[in-house]
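What follows is a set of notes on a single structure, which appears directly below.
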Amino acid sequence: MRSFLNRLVSEEDGATMVEYALMVALIAVVVMGAVTTLGTALSGKFDTVKTAIG
10 MRSFLNRLVS EEDGATMVEY ALMVALIAVV VMGAVTTLGT ALSGKFDTVK
60 TAIG
């Protein structure tokens, strides 16, 4: 039983996988926010050009 507990404590594969998943999720949220902001800014620029042309 003691060796099982020692092995369970020393194995970090599961914790590492969870950490990587959290980092990927955070990066995805940041990218989505940046794309949304960029899209809104670009839409405003195109509206300005459309108004100037028309």
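Start counting the sequence shown at 10; every next residue gets the next number (the numbering used here).
Every residue gets a Cβ at the ideal spot worked out from N, C-alpha and C, and that includes glycine.
Because the structure is a prediction, the values reported are computed rather than measured.
Could you have a look at residue i and say whether DSSP puts it in helix, strand or coil?
i, result
"M41", "helix"
"G53", "helix"
"M26", "helix"
"G48", "helix"
"A32", "Ala is not the amino acid found at residue 32; the sequence shown has Met there. It is helical."
Cutting at 7 Å between CB atoms, please list the residues of its own chain near residue i, excluding the five before and the five after it.
i, result
"I62", "none"
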